[in-house]
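**Q**
In my numbering, the protein residues as written are 250 to 344.
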């Protein structure tokens, strides 16, 4: 079994929508197809929770070794997006 930490970014297809970032997910899997299946389930629920499922394309972070590192990477990415004032960034503490 492999455990990795990931976060999900929903990139809007329209400028007026916010960029949505998930918290860090801890995913344990045996095979790559198990990982993909779990990510797809989380993404579907995340999209439903945020009510704009068709307006975003999803990107998963590359898995990193630890939760603190994954959170730091996500926060760095959020700060980089926030430098551009045309972008609205929201982090979602879900589930």
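Glycine included, C-beta positions come from ideal geometry on N, C-alpha and C.
(1) Assuming residue 284 contacts residue 276 (C-beta within less than 8 Å), just tell me the rounded distance between them.
(2) Work out the CA separation of residue 319 and residue 313 for me, nearest whole Å.
(3) In the DSSP assignment, the beta strand (DSSP E) including residue 297 goes from what residue to what residue?
(4) Let me confirm a value: residue 328 is counted as buried when at least 16 other C-beta atoms fall within 10 Å, else exposed. Which label applies?
(5) Let me check understanding here. Comparing Cα to Cα, which of 269, 263, 261, 253 lies closest to residue 324?
(6) Among the candidates 335, 260, 278, whose CA atom is the shortest distance from the CA of residue 252?
(7) When the Cα of residue 280 is compared with those of 308, 273, 250, 339, which residue comes out closest?
(8) How long is the line joining the alpha carbons of residue 288 and residue 333, rounded to whole angstroms?
(9) Residue 258 to residue 310, Cα distance in whole Å?
**A** Considering the structure as presented:
(1) Confirmed, Cβ separation roughly 6 Å.
(2) So the alpha carbons of these two residues sit roughly 6 Å apart.
(3) DSSP places residue 297 in no beta strand (DSSP E) but in the uninterrupted alpha helix (DSSP H) bounded by 281 to 299.
(4) Classification of residue 328: exposed, given that the 10 Å Cβ count is below 16.
(5) Among 269, 263, 261, 253, the Cα nearest to that of residue 324 belongs to 269.
(6) Taking only the C-alpha atoms, the option nearest residue 252 is 278.
(7) It is 250 whose Cα lies nearest to the Cα of residue 280.
(8) Distance between the alpha carbons of residue 288 and residue 333: 28 Å.
(9) Spanning the two alpha carbons is a distance of roughly 8 Å.
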